[in-house]
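Heads up: the structure comes next, in structure tokens.
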Amino acid sequence: MKRIFLGVTGASGAAYAATALRAMTDADCEVGLCVSRSGAHVISHEILRAGRQAPADPDAVVREFVTRSGAAAGQVTVLGLDDLTAPFASGSSLAPAALICPCSGSTMAAIAHGTGRNLIQRCADVMLKERRTLVLMTRETPLSLIHIENMAAVTRAGAIVMPASPGFYHHPTDVSDLVDFMVGKALDHLGVPHGLLARWGEDGGMPPPEDPTKGMR
Ligand SMILES: Cc1cc2nc3c(=O)[nH]c(=O)nc-3n(C[C@H](O)[C@H](O)[C@H](O)COP(=O)(O)O)c2cc1C
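Written as structure tokens, this is what we have:
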């Protein structure tokens, strides 16, 4: 069973995190899940549709997020954002890979500068110093020079920056196809098997779209 860290921060795109969590548990990974306060805010707004205000009980939001992901009981350990005693905070723990998804510009900045002020930032720091796999699924547009320079810094340090920028060559017909595409690409880098992607040139290639204009009218 592969041990993996999933950090969820306050960028738009909570659906990416939900799909990643389900795919990781489907692949029998043991997932350490840590959600930032802004991450819980975005989940509350985008998935639970609970309005624009920050949730009064972020822990309840995270519990509901895990329940809705369909993850099997016992496969997901919810870790406190301020719990720097968690195994993922130490290089001595043997977690080979971490995904931060979505990754805010704020968390990327913290990773780029090695501040390690919460468990998500610290786990990223550990992955980089131990030369393990760290994938950051960033989401912001447009990018300032600060974002771009932080992306360059984390890339030089060994992270894989994967902007949430799905392709369309697999003929997506709904939002979940776009989400699956992005998450599948991330899981490929993390070494987690999945069936989220149709692979170009394999199994007969991409299926033709039923109606290329569907969703455009
Ligand atoms: C609904 C909502 C959507 C947001 N979307 C983004 C986003 O797409 N990208 C981003 O970098 N920040 C976004 N933010 C701002 C971050 O949440 C904010 O910078 C926060 O401090 C990030 O903290 P964290 O990285 O600890 O989660 C959003 C905030 C809210 C409330």
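Under the working numbering, the first residue of the sequence shown is numbered -18, with each subsequent residue one higher. All residues carry an ideal CB built from backbone N, CA and C; glycine is no exception. This one's a predicted model, so the numbers in the text were calculated from it and none came from an experiment.
- Per DSSP, Cys82 lies in no alpha helix (DSSP H) segment; the continuous beta strand (DSSP E) that holds it begins and ends at Ala78 to Cys84.
- Two segments are said to touch when three or more pairs of C-beta atoms, one from each, lie closer than 8 Å; by this definition the region 41 to 61 does not touch the region 108 to 118.
- Of the candidates Tyr150, Glu121, Pro174 and Gly72, Tyr150 places its Cα closest to the Cα of Gly182.
- DSSP, reduced to helix, strand and coil, places Cys10 outside both helices and strands of the structure shown, so it counts as coil.
- At a threshold of 8 Å, Gly20 counts as near ligand 1, since its beta carbon sits closer than that to one of the ligand's heavy atoms.
- Sixteen is the threshold: when 16 or more other Cβ atoms of the shown chains lie within 10 Å of the Cβ of Gly(-12), as they do, the residue is buried.
- Of all alpha-carbon atoms in Gly72, Pro83 and Leu65, the one lying nearest the alpha-carbon of Ala(-5) is that of Pro83.
- With respect to the C-alpha of Ser146, the residue from Leu62, Pro39 and Asp158 having the closest C-alpha is Asp158.
- In the DSSP assignment, Ile(-15) is bridged to Val12 and Ala78.
- Beta-bridge partners of Leu60 (DSSP): Cys15.
- Here Met143 carries a coil assignment [DSSP, helix/strand/coil].
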